[in-house]
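Novice: Numbering (our numbering), first residue to last: 79 to 128.
Note that the Cβ used here is the ideal one computed from N, Cα and C, for glycine as well.
If you want it as structure tokens, here you go:
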């Protein structure tokens, strides 16, 4: 996931939308339950967040 490096660099928040077509190089577990990461299942749910 490209979320972990961004959070380590100081990003204040991220949205994760898991999907079945992730490249092998992107397969990385999200670091311990970080309150800065919101997991949703569809792009339309972004409207509820922003």
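#1: Any idea which residues DSSP pairs residue 94 with across the strands?
#2: Does the beta-carbon of residue 95 have 16 or more other beta-carbons within 10 angstroms, so that it is buried, or is it exposed?
#3: Residue 90 and residue 114 - do their beta-carbons sit closer together than 8 Å?
#4: Within its chain, find whatever has a CB closer than 8 Å to the CB of residue 121; leave out the 5 residues flanking it on each side and keep chain order.
Specialist: By the coordinates alone:
#1: When beta bridges are read from the DSSP output, residue 94 appears opposite 117.
#2: Counting Cβ neighbours within 10 Å, residue 95 comes out exposed, since fewer than 16 surround it.
#3: The criterion of a C-beta distance shorter than 8 Å is satisfied by residue 114 and residue 90.
#4: Excluding residues within five positions, the ones whose Cβ falls inside 8 Å are 95.
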